[in-house]
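Numbering (the numbering used here), first residue to last: 1 to 177.
Even glycine gets a Cβ: it sits at the ideal position worked out from N, Cα and C.
Computed from a prediction, not measured in an experiment: that's the story for all the values here.
Before any comments, here is the structure.
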Amino acid sequence: MANRHPTLNRPRTAPPPAAPGRAPVAPPQRPVTHRAPAPVQAPPNLLDPPSWGQRLLPRALRDSLETLGWWQNPTPQPPSTHLGQVLAALEKYGWCKSLDVSPTGRMCIRGAQTMLQRAGHVTEHDRAKAVHYLQLSLHEIGVHQPFFHWNDFPERTFPQVQQRLNRAIHLARTNGE
């Protein structure tokens, strides 16, 4: 018996194109414009001392400006970074004895810590830990007085202060702070 539909047995193929063979037309391309990449702001160096704005503007004003998005308060740092900031502040603004802040802007260790705390670079709790590590570094050399008394000794020099602060930083980092 013959198949009534002969096309059912043939393989299916696509019909030939109606138009003669032409390459497809690509859509027009837009001219390539090279824009300069947006400048990437470097992250703030954690050891930079507070700017004059952080030092002079009252905390309430800085908080209000931050709410408006016009200011960014610093992130409080752990004791080891705080001690590094104290050292950086003393190197930048100058070190002194007998006064937390001298009339010329120089500071003792405690004055630098107070400035950093008021600027929001350290919490009171982490500042107390930093003082503990500074006291430990003084105990290593046989000094059993508060660090601010040791700072004011007549024979004290800035290289000695730097050495004790660096040792306190090492102790804090060793303990994971």
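Contacting residues, own chain, Cβ-Cβ under 8 angstroms from residue i (five flanking each side not counted)
i           : result
residue 77  : 46, 85, 121, 122, 126
residue 172 : 78, 79, 80, 83, 129, 130, 133
residue 166 : 87
residue 113 : 82, 86, 122, 127, 130, 131
CB contact flag (residue i, residue j, <7 angstroms)
i           : j           : result
residue 138 : residue 150 : yes
residue 111 : residue 93  : no
residue 95  : residue 148 : no
residue 102 : residue 152 : no
Contact set for residue i: own chain, Cβ-Cβ below 7 angstroms, skip 5 residues either direction
i           : result
residue 71  : 62, 65
residue 169 : 80, 83, 84
residue 177 : 78, 79, 80, 129
According to DSSP, residues forming a beta bridge with residue i
i           : result
residue 95  : 107
residue 101 : 107
Selection from the options that minimises the alpha carbon distance to residue i
i          : options           : result
residue 58 : 69, 117, 109, 100 : 117
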